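Quick note on numbering: the sequence shown equals residues 91 to 206 in the working numbering.
Everything on this sheet refers to the single structure shown next.
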Amino acid sequence: MMQSYETMYILRPDLSEEQVEEAIARYQSILSERGAHNIEIQNRGKRRLAYEINKHQEGIYIQMNYEADGSHVAPLERAMRLSEEVIRYLTMKIKQPKKKDQKPASQGTQPAEAEA
């Protein structure tokens, strides 16, 4: 069953622009080869980290939103875990908002008017 996921990962700050694009393409291809749909990628740029990670004070933030089967997330995370260019990653399942049945307001419940 297809679920919506968001994966945020942080690349080392010393990577060149070309290396960043290669990493993005690599992780996008891992998802698309396994049948993920609606892959949206946002390069958030280089930002200061809240705390030092592996002696890095900055990182390049990349966000991916996609729809995939739950079994497709594990190979992506495994590739990120084994990569030396990724210093941190996190995948979250995005809950789709449930559509509420909107019932018309009953006519007997009108707000009371303020008396002046």
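For glycine and all other residues, C-beta sits at the position ideal for the given N, C-alpha and C.
Since we're looking at a predicted model, the values are computed, not measured.
Report back the beta-carbon spacing between Ile184 and Tyr95 to the nearest angstrom; my notes put them in contact at under 8 angstroms.
The count along the sequence shown starts at 1 and reaches residue 184 at position 94. The count along the sequence shown starts at 1 and reaches residue 95 at position 5. Rounded, the Cβ-Cβ distance is 6 angstroms, consistent with contact.
Rounded to the nearest angstrom, what separates Gly160 and Asp104 at their Cα positions?
To locate residue 160, count along the sequence shown from 1; it is residue 70. To locate residue 104, count along the sequence shown from 1; it is residue 14. Roughly 32 angstroms separates the two Cα atoms.
Helix, strand or coil for Gly135, going by three-state DSSP, please let me know.
One-based indexing of the sequence shown puts residue 135 at position 45. If DSSP states are grouped into helix, strand and coil, Gly135 belongs with the strands.
Count the C-beta pairs between the stretch 113-130 and the stretch 140-149 that are closer than 8 angstroms, then say yes if the count reaches three, no if not.
no
In the DSSP output, what is Ser94 paired with across the bridge?
The sequence position of residue 94 within the sequence shown is 4, counting from 1. According to DSSP, which records beta bridges pairwise, Ser94 is partnered with Glu157 and Ile184.
Cα separation between Gly135 and Ile150?
Here residue 135 corresponds to residue number 45 of the sequence shown, with the count starting at 1. Here residue 150 corresponds to residue number 60 of the sequence shown, with the count starting at 1. As the crow flies, the alpha-carbon of Gly135 is around 5 angstroms from that of Ile150.
Starting from Leu101, follow its DSSP beta bridges and name the residues at the other end.
The residue labelled residue 101 in the question sits at position 11 within the sequence shown. DSSP, once it has assigned bridges, lists Ile150 and Val176 as partnering Leu101.
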